[in-house]
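Student: Going by the numbering used here, the sequence shown opens with residue 74, and the numbers climb by one from there.
Heads up, the beta-carbon is just placed ideally off N, CA and C, and yes, glycines get one too.
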Amino acid sequence: MMKTAGVLLGLGLGVTPGSARTALLVVDVQDCFLEAKCTSSAKEGSLSVPACDVIEKINMLQTSKSCLFDEVIWTQDYHPAGHISFGSTHGLAPFAHLGGKGGLDMMCISPQSGLTSEGACCPSYHLNSSMDCETNLCPPAGWSYAVNNSAIITANAACETCASNPGSCFAQEQAMWTDHCLQDGDATFPTSLIKNPGDTVVQKGMNKFVDAYSGFMDNTQTLKTSLDATLQAKGIKKLYIVGIATDVCVQWTVTDALGANTANYDVTVIKDATAAVLGDVKNYNMAMGTMASAGAKIVTTADVLTTQCPSYTCGDIKGKYRTNGCCGDPNKLFNL
74 MMKTAGVLLG LGLGVTPGSA RTALLVVDVQ DCFLEAKCTS SAKEGSLSVP
124 ACDVIEKINM LQTSKSCLFD EVIWTQDYHP AGHISFGSTH GLAPFAHLGG
174 KGGLDMMCIS PQSGLTSEGA CCPSYHLNSS MDCETNLCPP AGWSYAVNNS
224 AIITANAACE TCASNPGSCF AQEQAMWTDH CLQDGDATFP TSLIKNPGDT
274 VVQKGMNKFV DAYSGFMDNT QTLKTSLDAT LQAKGIKKLY IVGIATDVCV
324 QWTVTDALGA NTANYDVTVI KDATAAVLGD VKNYNMAMGT MASAGAKIVT
374 TADVLTTQCP SYTCGDIKGK YRTNGCCGDP NKLFNL
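1. Roughly how many angstroms separate the alpha carbons of VAL88 and LYS311, rounded to a whole number?
2. Under 6 Å Cβ to Cβ from THR293, same chain only, skipping five residues before and after it: list those, please.
3. Within the continuous beta strand (DSSP E) that includes LYS311, where are the two ends?
4. Could you tell me the distance, in whole angstroms, from the CA atom of THR335 to the CA atom of ALA285?
5. Grab the span of the beta strand (DSSP E) containing MET427 for me, first residue to last.
6. Measure the Cβ-Cβ separation of VAL100 and GLY316 and say whether it is below 8 Å.
7. Where does the unbroken alpha helix (DSSP H) through ALA219 begin, and where does it stop?
8. Going by other Cβ atoms of all chains shown within 10 Å of its Cβ, with 16 needed for buried, is CYS232 buried or exposed?
9. Comparing alpha-carbon positions, which option in ASN201, THR303, ALA93, GLY278 lies nearest SER217?
10. Which residue or residues does DSSP assign as beta-bridge partners of PRO196?
11. Helix, strand or coil for ALA96, going by three-state DSSP, please let me know.
12. Can the beta-carbon of GLN305 be found closer than 8 Å to that of GLN149?
13. When you compare the stretch 220-231 with the stretch 130-146, are there three or more beta-carbon pairs, one atom per stretch, that lie closer than 8 Å?
So this is what it looks like as structure tokens:
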């Protein structure tokens, strides 16, 4: 079935007459972040969140209100083995950053390109093994990256640069997570989720040395993924955002969309089509407050489902039919 928005786009019409284009932005709804009852493999996701109910809502938005969206854009957490965000990479347990000492200290570089693909962070402990581990989170006693996990420091530009020129680097804390969303593991999209082959997917977290919660930027807020450029190239100015997790990747994506480092977006968060880590209601509500304070509109799936589809006169369609060169060429393809 053809999407109304896509047909109108092919005729040179936006979702709303005279307006910029609109996208449904689906953040990290992947097997790795889902419970066993809704993953493709029926196995628990590697960093699961109680979020199975968001799938039905996202599907409903696409089937019942496709007229509101010119595009559906997906972000995908897509990590190589030994990623810098994994506790196991540093000999630490997952969630070690919650033990009272904060995250693992890193020193990071800012490449001239400003791209996440060229950034890097190096564990501060590798650069200074005599650092105070009483108050700072460190790898286990006796740990040596050169011996225990050389892969995270080998070919790591931050480890080279920050050792020779520390003044050119900046500090950053890194949370410790389970090994999750591996490129050869459960980074896949669940089979129960409606996802069309022509939809755009923006992957993040592919660089072993850089972490990125947001679909737009890395966690240092200095490097960008391809998402902002992709949206601008498609003329998208309005975003409806759903996904996982409310208090991490969704929140960071929303605040970046409304921040100074990206284009000016009109952002609506569909709150019941998101889910928080561990189902934590307090963190969920705090995230909603943070996003609303940043300028996002907060609505429910029901609100969107009652939104009227845009209407057009026959004159609108007829005029665009002519100006798009369809006259005399009934087999001309539209951008659906």
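Tutor: Well, looking at it:
1. No answer about VAL88 holds up, because its pLDDT of 43 lies below 50 and its placement is not dependable.
2. Here the set comprises CYS181, GLN245.
3. For LYS311, the uninterrupted beta strand (DSSP E) run begins and ends at 309-317, by DSSP.
4. When only Cα atoms are considered, THR335 and ALA285 end up about 15 Å apart.
5. Past the boundaries of the shown model lies residue 427; the chain is included only from 74 to 409, so the question cannot be answered.
6. Yes, they are a contact pair.
7. Where ALA219 is concerned, the enclosing alpha helix (DSSP H) stretches over 218-221.
8. Looking at its Cβ environment, which holds 16 or more other Cβ atoms inside 10 Å, CYS232 is buried.
9. Among ASN201, THR303, ALA93, GLY278, the Cα nearest to that of SER217 belongs to ASN201.
10. Paired residue(s): MET179.
11. In this structure, ALA96 counts as strand in the three-state DSSP scheme.
12. Not closer than 8 Å, so no.
13. With the cut-off at 8 Å, the stretch 220-231 and the stretch 130-146 do not touch.
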